[in-house]
Every structure is written in structure tokens, then in C-alpha cells.
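Q:
Number of protein chains: 2
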Amino acid sequence: MTSPYGASFPRSRKVHVEGPLGVRVPFREITLGGGEPPLRVYDTCGPSEAPGGGLPRLREPWVRSRDDVGEVERVSPEGRRRPAVRGRGPAVTQLQYARRGIVTPEMAFAAVREGVEPEFVRDEIAAGRAILPNNVNHPESEPMLIGRRFLVKVNANLGNSVVKSEIEEEVEKMRWAVRWGADTVMDLSTGRDIHETREAILRHSPVPVGTVPIYEALEKVGGRPEDLTWEVYRDTLVEQAEQGVDYFTVHAGVRLRYVPLTAKRVTGIVSRGGSILARWCLAHHAENFLYTRFGEICEILKTYDVAFSLGDGLRPGSIADANDEAQFAELDTLGELTKIAWSRDVQVMIEGPGHVPMHLVQTNVERARAVCHDAPFYTLGPLVTDVAPGYDHITSAIGAAMIGWWGTAMLCYVTPKEHLGLPDRKDVKDGVIAYRIAAHAADLAKGHPGARSRDDALSRARFAFRWEDQFDLSLDPETARAFHDETLPAPAAKGAHFCSMCGPKFCSMELTQQVRDLAAAQRLAPEEVLAAGLREKAGEFRAGGGDLYVPGRTPST
Amino acid sequence: MTSPYGASFPRSRKVHVEGPLGVRVPFREITLGGGEPPLRVYDTCGPSEAPGGGLPRLREPWVRSRDDVGEVERVSPEGRRRPAVRGRGPAVTQLQYARRGIVTPEMAFAAVREGVEPEFVRDEIAAGRAILPNNVNHPESEPMLIGRRFLVKVNANLGNSVVKSEIEEEVEKMRWAVRWGADTVMDLSTGRDIHETREAILRHSPVPVGTVPIYEALEKVGGRPEDLTWEVYRDTLVEQAEQGVDYFTVHAGVRLRYVPLTAKRVTGIVSRGGSILARWCLAHHAENFLYTRFGEICEILKTYDVAFSLGDGLRPGSIADANDEAQFAELDTLGELTKIAWSRDVQVMIEGPGHVPMHLVQTNVERARAVCHDAPFYTLGPLVTDVAPGYDHITSAIGAAMIGWWGTAMLCYVTPKEHLGLPDRKDVKDGVIAYRIAAHAADLAKGHPGARSRDDALSRARFAFRWEDQFDLSLDPETARAFHDETLPAPAAKGAHFCSMCGPKFCSMELTQQVRDLAAAQRLAPEEVLAAGLREKAGEFRAGGGDLYVPGRTPST
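Here the protein sequences come in this chain order: R and P. All the letters of the first sequence, read from the start, carry residue numbers 1384 to 1940 under this note's numbering. All the letters of the second sequence, read from the start, carry residue numbers 1384 to 1940 under this note's numbering.
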């Protein structure tokens, strides 16, 4: 059987767990040695594609079976007509179903992935504390949850295509990001072929896809923010919704009156969407049309079940600007808009910063929860210092782990190239891995059920010198194996009861095993071992003589 | 003038600040453009060496001037005799001077580095809240402070020499670590040439050097822990103290009765020193001789001013074992030993874990402070998850940043090779940079005076598109520059008002400048700008016409 995981996870296979309502939920199962049962982990990779075909349309029968949708024709820029689905009832959103007490197959599927009851999922969605981004026109995606009471998720940004030949490259980058564990991707493409790039990503993405529609609207008006109109923006929303985009970043909180609050900042407005809207507001001296037309935007989103990601256009771009008046003024407006979206049955999450020193991080998530009525929070990092361009996956993973622990539902990755250039394949992987570390650390700190099983399995493998298991349980088996083999390349070293740190015969872990064995043999509690048996054992040790240690090398005390 | 910083910091030069008691304190001064004053940053690199000679013996006149030391002869293994200094008064420790109200040149030097008053330094040392590791036989080192109220420090571990030819390699690794910002180094060498390797590192190290003397003692008894004796250990302490080691890790808290507490752990005892002592205790069924002889150890250390780093031999080696009974039992003993050391005028810091999930991190530093009477805490990470071998510089930088914020004084780095193999030059740099990020983030969060000036200078450079300044202000200018140049290699791009993220003409930062200019021109508060002037400005914008945006590429919203 070929692995859908390529060479990256050599001893993994995809398994499916049967769930309620007939759902079959994929997990990655890692084969282990030493009598350990295989370990199943959350799987973002999606199914294998048939050669030439796209992904299977997993959710299509669920959507069709609900009888509240109809088919429309959408016209691609090349003039081809393709079917798209559109709601014809009051709303086709998971929020609306959840509020009506309906557990959908989407909810059941996500519940199995999270290891919780479907009813709990329904309840969290109904309360607005979680979203299930899930456009009816993106049936290829596997349902997943973004909410504080679920596993912390990771988003990877894509999109730098300006010429046709790069479309396939962007699709490959998406596949690469989900292989390493991205839970959603955002397509931030600009320039030519923006529609086709998005289409290619959607048709091949097993995870929800987000966009920032103002980017495409801006292209349509020649790149002049002041020429943006509601009509152009509205048509762009419909176009993207019919393609299947699962969530839209909408910078509706950048109100005219907040723009001057950024004047004294060290780094002003750093959000690209925020600056487009601020420029529009200033040019027209008018209120942001995303704000004034918000109700109409809701009507479009609920027709396809596109979720809002309410953008933080005034987020801080430096430590100096963190938690300032502009940022929190916009947040207040996002709270107001959340209620409007919910009143129209549209799912909502809230975007957050950015650049925040550690002592100001917790306030961000607590304030967002309070002001935005516990809608899921989705942050970019935050970076906890500005002094390390080239390493901002690390500066931001620190803030991301903390803000995840404190209740942020999804973390937008930052790559090592942030502030400097365009991420390549290596940067995408480095960014996703750093953020999987942050998200998993947050799950552990939140006490998410089952999160620790992977840590414990890996630690048992480490203690028992099961090297292959240690590699395969890691987030990146290839790198772990390669680092080990730099010092000890011989295949026999993989079974050896030592590592290069302390050399072949002396190892700190042996001692514990001896204490444990003695306790087991005598059926004593460990506390009793010394009193009852160690004089005898002491004699054995000394009699055992001289060959317990060979000088080795050690980098740790 | 050639730079002592090599090619790593091209626009930096070493400057000296005159301080009290005639001290001249080095800083690295970064030249900036755009009318910005140069920025001075803490400098760990030390002075340039004369060709063929070692470092200048900066502290020698200060030590000699105090009249409480005498010279002894120490014999190197090759039979060469060299002078060493030894106290002949009650103690020659900075703690003793501080308690007597004396501000030493060492304290004055460190005060200037930290930007505080010498009297404040004296007070912190006298109270035991800070140490100034500073063996009288290591006059080449520049005084520095380890304490909660000072900048958070970073230690880098070295030491993997087993053959003579590698000694120079270890010295080079030390120089490399201090170039990137290591505040101290620990030489953990084992095997042959252990004495010579340490001698070479000490004579060339501008930062304090720590060791774990039990390693060398173990070599002397053929690697058999049960053959260790007090006499062998004592002679090793004296040998290393006379060479100039500044602090010793001493695992005196691994008491016989605590060893069985580790039996039920997932990863038992993972400290190498801890396991050596535990094995000795079990083999003899006797109390750890480092504990029973602790008073005698103090007598040796105070004769040279070697500081204790009280080792955590029972630290957790996995998330599962964090904050367990064994760990905290040992910590209680370290608190007891701290008081004994202080009663003998010996400086003390306390070592901490290891592997700890985020929600249990704060307890570690708070408990250490309470139990160990506010002696400085010095932790290895901690790693906040076990699932990422190959990336443990990141898993541990997360924990390190947090525990630094909460009061840990020094962070022992972890490299990407941790758990897998021996760190090479790249790993040492990656480890030091990750830990400089953690330490600086902690300084920001603690509100350390002046810490934010570097962030602010870099953010101003970023906002003003002073690319060269942005690179030079970063922790690693080489990498920042290289990442930028991958996308925009042309020299002209360094002066360009754009980056590869948003393309050449549209940039979110321009807007803020326009709002700011308008406010300044009209002498209005930003809040008044819109009301007073923006209708007019709005006209200008629209009249300005169509060339504000060229489609670019963007990886962020």
C-alpha cells in the first residue's frame, strides 16, 4: 500500500473511524514497536487524489440531502459555465442548523476528529463559540472546528502567483502545508490569474480555504483604493462564494473615526486590507462601506455558508503599538458586528494581532472574548519582540503558544521570511511546524483530553531507546532521523540503548529501570525498596565491577 | 578599523563607557541612518585577542589590589607549574564584599552594563538575589550579573572533545556562542584532555565558564560511579577552581531517599550528574557525599569565588514527569543548601527544569523563589512539549521566554539537536539566537528599563524602509539580509520604499505618514484632523489619480 503521506511519515497509514450519521473520519495511525499500540493522530492531509481528477466531493451528498439548496450557474472568466450551489431557505449555515437543534454530518465528522460528542459540537456552534467553515461549494474539504474548547488550529497563508505557470506551484504549496499540519489555508493571491489560482487551490484543498476579497476587488478597479465601490466588492464576494471559499476576512471594523488614532503610532497601519479601507475612508471622507453595508454582506455569506473572519485592520505592527486605542476601538466594533452576523445566522471568528509583548498577550484574548461575545479568536502570532527578523516563526510561536493556551482558537502562522521576503517551500514547512508546536503546547496546557498521549508515547520511546518510534512520533520524522544519523549513521545504532550524548555504555536512564525492576520483583512500593532491598543490591553493583562507563560526549548536564 | 565582530555585524563597532572606579565597559554600537542616533547594545563578545596571546587579564589588578589573596602554584598534568590565586582572608567572594558594603570594580562594571547604579548591584548581591560569577583565577572574563532584577542571561553548553585536535574546535565554538550573545558557557567535556580543553576555553573566554566537576571526577575513577570518593571529588574541585572555573554545578540535592521517587516516572532520571550520584547512593546505600560534605565544598568555593549552581539532578525529562514529588523534594533540599552556602559567603544559583507544560511553568519559578529564598533561578528551557525532536530549540524557547518573564535569571539554551545528536556550529548559533529571543522577550515583558529601545529603533527603521538599519538592528543581520536578498537582490532595493510583500508602489505604511503629516501641518491633535482637514485632503487624493498601486504579492493580510 502506498502511503498518502509520501516519504514524510514512513510508518504511518491512513485509517478511518466510523462515526454517527455514517461519517468515516480519517486519522493518521503511527505504527510503534516495543509492544506499544499504534497511535492515531489528527490528520489534515486529506484523501489521495485520483490521477487527473481532483479530490472526492465528500460533503456533496450531505449538502444535497438537506433540500435547502439549489443549483445556479456560475461563469468562469474563460467563459466556461460550472454549477454552483446556493441556499434558498433562510440560511444554509451550520450555525442555523445548530440553533435549530440539528446535528449535521459535518458536525458528526468534526466531533469524531476531536474526540467529543456531536451534541457538544452542535452546542458550541449554536452558542457562537465555535465555527465550522464549510462553504457548500467546497465539498472537497473535511469538516473541522475552530473554537476554544477544541484543539487549537493552525492556518497557513499562501498566494504569490502573478503568472499562470505558478498556479500549480501554489497548489503544491497548499499540499505541502496540509501535509505538515495546516488546518486551513488562506489564499492571498494578487495580480493576474487570481480567480484561476483560487479555483485550483479550492478544487485540491482538503482543508477550508479563506481569502481577503478586498484584494481581488482592488485588482478590478486598477489598484486604486479610492475607486472601490460596494458593487465591485459585492460581485467579488458572490464570485468567490460560488467558487467555494470557506471564510472571508472582512475589515469592516476600520471605521473612519479610528484612522486618526493610528497617526502617533510607530508603525501606523500594517494590515494591507486595513490600509486599503483606511485610504478609501480618507479619500471619500466617508464611513467604511464594509461597515455600512455589513447587513448586505451577511445576506451573501449566509447563502453559501461562508464564515466571517472579522479582520483587524488596525492591529499593531510593533511592540510599541500593542494594545493601543486604535486596536481596541476596532475590536469594539468587531463585537458589534458579531451580533449582527449572528442575527443573520452567519458564523463569525475574530482576527487578532500581531506584535504584542508577553505581558500584554493575555489581555488581548480576554478582551476579545468579552467584547466579541466569546466568538472564536484567530491571531497572527503574536510576535513577542521586534528584534529578530529572519526568526519571526520563533518570536511569534512564543506568543502563539501563550495566546492559544489562554483561549485563542486558531493561530495564523508566521514564516522565517516574515518582514523580509516571500516564503518558499522550506519556509512554509518551518512555519507550519513552529505553529504545530505552539498549538500542541497550548492543547497540553489547556488539558485537552488526549493531547498528552503523543508526548507520553514519545517519552516512553525515548526512555526505552526505541529510536525509530521516537522519530515517527515526532512532528517531523525526516528531520529527527537526519539529525540522529549525522552523529550515529549505522543502522545498528537505531536499536542501541544509548545515544551520542552520553556514549554507548553509560546512560542516566538505566538506573531508573534498575530501581523499577527491583520494586517489581519484590512487589514493593518504590518507597519501600531502599529499606528492604538495596543493601543487597548495593553489593551486586559493587561486585558487578568496572565496565559501566565509557567516556562519551555530552552537551547537557 | 577592523571589527571585532567579524562579518556578522558589519555596521557595529566596539565602544567603551567610563564608569565608577575607573571601569571601562564595552558596548556594541550600531550605526544607523535616517538621522537616528547610534544604538548601543549589551556586548558579550569580549575584547580582540592579540595574535598568539590570550585575552587581556582585565580583572587581575582589581583582584590583586584587594590584598586578600595570595599566589599558589598549580601543576598542570603536563608537569608545568603556573600561578594561581587563592583567598587567604575569610572569603574573596563578591557576596562577602557586598555584605560588607563594598562596591567592587566588578560590581561597578556590571552596573554600567545593566544601566543601573552600582549600589543597587551591591544590594542585590548582598541579598543573594543576584550572583556575579567571577573566579579570581579567570581574570579574562568581563563581570556580569545573574539575577531577577537584571537582564535575563543565556548560557550555551559546549564540550564534546575526546581527542586533542578538537580543543581548538571547542574554543572556536565558545567564541561563536559569545559572538551571538551567550552570557556564560558551560564546558561539559568528558574523555581525554578534559583538563586541557577547559584550560583553553578559560584562557580565551570573555564570559564566565561553568562546569560539572563530577564528570571529571568520574573519569578519574575509570567511569565507575560507585568508585567515586570525596577525596577524588575534592581534588577535582580544587584543580578546576585554580584553573578559573566561575561556577560549579553540584548535584548535592540528589538525596538517597529521593531516588525511589523516580521509579514510577515515564523517563526516570535524565540528568547525567543526577544519575551518577543516584547510582553512587544506591551502590553504597549511603547519603550523597555532595550533601554530607557540603560545608567542605563551600570552604573550597569561597577561597576562589566560585559560585554554586545547585544542580537539579531529579529534573523531569518529559511532560508526564513535570512538577512531581521527586523534583520538588530535591528543590526543598536545594533551599536548605542555599542557606548553608550563604552562611559561608558563597554565591548560589538554583538549576531548574527541563520539560514542563505551559500551565505548570509559573509554579516552577515561584516555588524555586519561595523555597530557595530568592536565589537566582537558572533553567534548561523548559520544553513545553515532547513531540518535536529536531525543533527543541523552539519548544524550549517558548518555555524559556515565559519562565524568564516570571523571574528566571538565566536560561540554558537547547539546540535543535537536543535528544538526537551533537550540536555543530549551526546548531550552536540556532540555539543561542532562539534563546536571545526568549531572553529579550522576557526583558520586554518584565519592563526592564531600556529593553524596548532596540525594538522601537527596529520598528522605526521598518516603517521608514531603512532596510540596512532593519538588518543591522536584528539579532542576526546576516540572515535577515540574506532572506531579503533572495527576493530583491538589487542594491537599489535597499533604499526602496517597498518590499516584496506588497510590491513597489502600494504600501500600507504610507497612509499613516500622510495622516501624520496633515496633523503636523495643521498643529491639530489626530482626533481633530478628520473634522478639520480631511474633506480638503479627500479632494487631493481623488485628484491625485491612478498610480497608487501596482499588483504585488503578499503573504499576509
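C-beta atoms are modelled at their ideal positions from N, C-alpha and C, and glycine is treated no differently.
#1: Is there a Cβ from chain R that is less than 8 Å from the Cβ of R1925(P)?
#2: In the DSSP assignment, what are the bridge partners of E1412(R)?
#3: List the whole-angstrom C-beta distance separating I1942(P) from G1678(P), where the pair is believed to meet the contact cut-off of C-beta under 8 Å.
#4: Suppose only complete runs of 4+ residues qualify. What are the alpha helix (DSSP H) ranges in the stretch 1801-1861 of chain P, listed by chain order?
#5: Measuring only the C-alpha atoms, how far is G1927(R) from L1620(P)?
#6: Could you list the residues in the stretch 1791-1812 of chain R with a C-beta less than 9 Å from some C-beta on chain P, going in chain order?
#7: What three-state label does DSSP hand F1503(R) in the structure shown?
#8: Closest to V1519(R) by CA distance: which of L1441(R), D1769(R), E1869(R), R1463(R) is it?
#9: By DSSP, does P1887(P) sit in helix, in strand, or in coil?
#10: Considering I1577(R), what are the terminal residues of the beta strand (DSSP E) in which it resides?
#11: Taking its Cβ as the centre, do 16 or more other Cβ atoms sit within 10 Å of E1682(R), making it buried, or is it exposed?
#12: Give every residue of the same chain whose Cβ lies closer than 7 Å to the Cβ of P1403(P), excluding the five residues on either side of it in the sequence, and list them in chain order.
#13: What number of angstroms, rounded off, separates the C-alpha of R1463(R) from the C-alpha of E1851(P)?
#14: Counting only Cβ pairs nearer than 8 Å, list the residues of chain R close to W1735(P).
#15: Output needed for E1497(R): all residues of its chain with C-beta closer than 8 Å, excluding positions within five of it in sequence on either side, in chain order.
#16: Closer than 9 Å, Cβ to any Cβ of chain R: which residues of the stretch 1425-1449 of chain P, in chain order?
#17: Measure the beta-carbon distance from L1717(R) to G1782(R) and round it to whole angstroms, keeping in mind my assumption that it falls under 8 Å.
#18: If we define contact as Cβ-Cβ less than 8 Å, is P1410(P) a contact residue for chain R?
#19: Going by DSSP in three states, D1570(P) sits in which element: helix, strand or coil?
#20: Which word fits S1524(R), buried or exposed, when buried means at least 16 other C-beta atoms lie within 10 angstroms of its C-beta?
#21: Quick check: the Cα distance between T1594(R) and G1656(R), rounded to an integer number of angstroms?
#22: Go ahead and label A1840(P) buried or exposed: buried means 16 or more other beta carbons lie within 10 angstroms of its beta carbon, across all protein chains shown.
#23: With C-beta atoms as the reference, is S1572(R) less than 8 Å away from T1580(R)?
#24: Could you list the residues in the stretch 1738-1760 of chain P with a C-beta less than 7 Å from some C-beta on chain R, going in chain order?
#25: Measuring alpha carbon to alpha carbon, tell me which residue in G1773(P), E1622(P), M1785(P) is nearest L1805(P).
#26: Using only the alpha-carbon positions, how far apart do E1614(P) and A1712(P) sit?
#27: A1513(R) bridges to which residues according to DSSP?
#28: Look at the alpha carbon of A1494(P) and the alpha carbon of A1873(R), and state the distance between them as a whole number of angstroms.
#29: Can you tell me whether DSSP reads P1466(R) as helix, strand or coil?
#30: Quick one: any contact between the stretch 1636-1655 of chain P and the stretch 1689-1704 of chain P, if contact means 3 or more CB pairs under 8 Å?
#31: Under the rule that 16 or more other beta-carbon atoms within 10 Å means buried, what is I1485(P), buried or exposed?
#32: Roughly how many angstroms lie between the CA atoms of H1399(P) and Q1710(R), to the nearest whole one?
#33: For Q1853(P), return the contacting residues in chain R, with the cut-off set at a CB-CB distance below 7 Å.
#34: Taking C-alpha atoms, which residue in F1846(P), Q1853(P), R1447(P) lies nearest to G1470(P)?
#35: For I1946(R), return the contacting residues in chain P, with the cut-off set at a CB-CB distance below 9 Å.
#36: One question on the structure: do L1827(R) and D1813(R) come within less than 8 Å of each other, judged by their Cβ atoms?
A: If we stick to the structure as given:
#1: With a pLDDT of 47 at R1925(P), under the threshold of 50, the modelled position of this residue cannot be trusted; read the value that follows with caution. So yes, R1925(P) belongs to the interface.
#2: R1396(R), R1423(R)
#3: A question about residue 1942(P) goes unanswered here, because the residues of chain P that appear run from 1384 up to 1940.
#4: 1808-1829, 1835-1846, 1850-1856
#5: In this prediction, G1927(R) has a pLDDT of 42, which is less than 50 and means its spatial position is unreliable; what the coordinates show is noted afterwards. Roughly 28 Å between the two C-alpha positions.
#6: C1795, V1797, T1798, P1799, K1800, E1801, H1802, L1803, G1804, L1805, P1806, D1807, D1810
#7: helix
#8: L1441(R)
#9: Note on P1887(P): pLDDT 47, under 50, position unreliable in the model; the coordinate value appears next. Note: P1887(P) maps to coil in three-state DSSP.
#10: No beta strand (DSSP E) holds I1577(R); the alpha helix (DSSP H) holding it covers 1577-1587.
#11: exposed
#12: A1491, P1501
#13: 49 Å
#14: The amino acid occupying residue 1735(P) in the given sequence is Gly; Trp does not appear at that position. In chain order: nothing, as chain R lies at least about 12 Å away.
#15: V1504, L1528, F1533, L1534
#16: none
#17: Between G1782(R) and L1717(R) the Cβ distance is about 20 Å, and since that is not below 8 Å, they are no contact.
#18: Checking the displayed sequence, the identity of residue 1410(P) turns out to be Phe instead of Pro. It does not: the Cβ of F1410(P) has no partner Cβ on chain R nearer than 8 Å.
#19: strand
#20: buried
#21: 11 Å
#22: buried
#23: yes
#24: P1740, M1741, H1742
#25: G1773(P)
#26: 27 Å
#27: G1530(R)
#28: 52 Å
#29: strand
#30: yes
#31: exposed
#32: 41 Å
#33: P1772
#34: R1447(P)
#35: It is not possible to answer for residue 1946(R), since the shown part of chain R is limited to 1384 through 1940.
#36: no
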